[in-house]
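Here the sequence shown is numbered in the numbering used here, starting from 118 and rising by one per residue.
Accompanying notes for the structure given below.
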Amino acid sequence: MTGEGAAEFHGGRLIARRLRAHGVGVLFTLSGGHLFSIYDGCRAEGIEIVDVRHEQTAAFAAEGWAKVTRTIGVCALTAGPGITNGISAIASASQSDSPVLVLGGRAPQFRWGQGSLQEIDHVPFVAPLVKLARTAGAPAEIPELVDAAIREAILPRSGPTFLDFPLDHVFTAAQEPTPAPALPEPWRGPGADGREIERVAALLRGAQRPAIMAGTGLYWGRGEAALRGLCEELRIPVFLNGLGRGCLPADHELCFARARGAGLSGADVALVIGVPLDFRLAFGAAFAPDAEIVAIDVAEPRRVPPRPVAAELYGAFTATLDGLRALAVGGSDHGAWIASLRGIEDEQRAGEAASLADPRAPLHPMRIYGELRQLLDRNAIVIGDGGDFVSFAGRLI
């Protein structure tokens, strides 16, 4: 590009053009001077700018966007205190495997080390929390850096990435980028090792009381259809936590909540899908000591499991679970096992009726959810915070 148009196409426009090419339509931010060229670029490229009151809110909003849409969430934080204000939200995205791209402002490179406004090197303290942390070395690097950051954020195991852009680079005239490469679709990728799938299928064929415990990883890996096919074909009861809630409808005949303790402790073979054996599963003690636990996920866990597992299947959920379903048919009948869990589920739900309508003050969380359940539609998204309130929400909504 030459002439008048070249001055209008600056580094900030390069960033926005690349974001738009990868389907990004919203940017969360708190206005900061280091980011003005990015804002100009977003306006030119048709990206909506949502301006909030605190950088932490901007980063949490980007994670919320990622969780609801299962696409990358993007925020822009100004240099120095803007980045440090976003650290808690970046850590949250890291712990939740949320694909988030954090764009940071940065003091100008040509004055680096001379005490520019809000000058600090962000990468060293952000890097431990993200999958990729880079600083743009020149305007020409911007397109490929944005490509790499988005690609890394969505590849298994998904998570946040970070790029910061020196002030002089984003205001410098730049050439229009070449077309953006297509992003990977990891949920369409290959499944786990075929021999391991066969071994797990043999365990399932011999199981008398199988159970599935599925969670956040299944949601990120878009494995809900494969989960439903597996549980319906093999008649396996399902328990859900985290973002896994909703991957099987709560009123599905094989979906259980109140019977979780009995279901997990009574299972002889347990498929743990997209869930770490952390405190929510009593570090593995939620299952019987002699239970055969199978860990299934898109990638190996960050931590060594706190108890041995019988098998591990790592690969795209659709291919892995569909392969398992095809090979595990022909096992024993699980009707009595499912009926026993349904009896426990129904009994527990009946026992909650009084608490859900309890008129006493101060209000118990149960009463709040008793009222909410009458108002929420089937696809409502509920955000909760605050200890016991969240615990009861997990049981009741």
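For every residue, glycine included, the Cβ atom is placed at its ideal position computed from N, Cα and C.
Source: prediction; values computed, not measured.
Residue of the options minimising C-alpha distance to residue i
i       : options                               : result
Gly-199 : Val-243, Arg-466 and Pro-260          : Val-243
Leu-360 : Glu-172, Arg-187, Gln-491 and Arg-424 : Arg-187
Gln-212 : Gly-129, Arg-420, Leu-365 and Gly-363 : Arg-420
Pro-303 : Gly-332, Arg-322, Gly-338 and Pro-327 : Gly-338
Cys-192 : Gln-173, Gly-378, Asp-450 and Ala-445 : Gln-173
Pro-298 : Phe-509, Ile-485, Gly-140 and Gly-340 : Gly-140
Gly-197 : Ala-133, Ile-461 and Arg-223          : Arg-223
Ala-270 : Leu-246, Gln-292, Phe-288 and Phe-434 : Leu-246
Ala-412 : Pro-406, Ala-374 and Glu-429          : Glu-429
Pro-296 : Arg-477, Leu-136, Ala-510 and Ile-514 : Leu-136
Pro-423 : Ala-210, Gly-440 and Val-392          : Val-392
Glu-162 : Ala-206, Leu-131, Leu-365 and Arg-484 : Leu-131
Pro-273 : Ile-500, Pro-418, Ala-470 and Phe-288 : Pro-418
Ala-380 : Ala-291, Trp-454, Glu-293 and Ile-189 : Per the sequence shown, the amino acid found at residue 380 is Gly instead of Ala. With distances taken between Cα atoms, Gly-380 lies closest to Trp-454.
Ser-472 : Arg-484, Ala-138, Glu-341 and Pro-479 : Arg-484
Asp-157 : Arg-326, Phe-126, Arg-459 and Gly-181 : Phe-126
Phe-434 : Leu-444, Ala-427 and Ala-416          : Ala-416
Where residue i sits in the DSSP three-state scheme
i       : result
Thr-437 : helix
Gly-334 : helix
Gly-129 : helix
Gly-120 : Any reading at Gly-120 is ruled out, since the residue's pLDDT is 40, under 50, leaving its predicted position unreliable.
Arg-223 : strand
Glu-313 : helix
Val-499 : coil
Pro-307 : coil
Leu-218 : strand
Pro-245 : helix
Asp-505 : helix
Ile-237 : coil
Ile-461 : helix
Ala-250 : strand
Ile-204 : helix
Ile-329 : strand
Arg-477 : coil
Rounded Cβ spacing between residue i and residue j (contact assumed at less than 8 Å)
i       : j       : result
Pro-277 : Val-217 : 4 Å
Gly-128 : His-286 : 5 Å
Asp-214 : Thr-333 : 7 Å
Ala-133 : Cys-159 : 5 Å
Leu-194 : Ala-175 : 6 Å
Gly-308 : Gly-432 : 4 Å
Chain D contact for residue i (CB, 8 Å cutoff)
i       : result
Val-499 : No chain D is present in this structure, which holds just one protein chain.
Taking contact to mean at least 3 C-beta pairs separated by less than 8 Å, is the region 240-254 in contact with the region 313-320?
-> no
Touching by the beta-carbon criterion (3+ pairs, under 8 Å), the region 138-151 and the region 159-179 | yes
Take every Cβ of the region 256-263, pair it with every Cβ of the region 278-290, and state whether three or more of those distances are shorter than 8 Å.
-> yes
The region 385-395 contacting the region 489-497, beta-carbon criterion three pairs below 8 Å | no
What are the start and end residues of each continuous beta strand (DSSP E) run of 3 or more residues lying completely inside the region 140-195, in chain order?
-> 143-146, 165-168 and 190-194
Can you list the beta strand (DSSP E) stretches of 3 or more residues lying completely in the region 335-374, in chain order?
-> 355-357
Identify every run of the alpha helix (DSSP H) within the region 373-455, keeping only runs that are complete inside it and at least 4 residues long; order them along the chain.
-> 377-383 and 434-444
Ordered list of beta strand (DSSP E) runs contained in the region 255-300, each at least 3 residues = 278-283
Taking one C-beta from the region 370-378 and one from the region 346-354 each time, how about it: are there three or more such pairs within less than 8 Å?
-> yes
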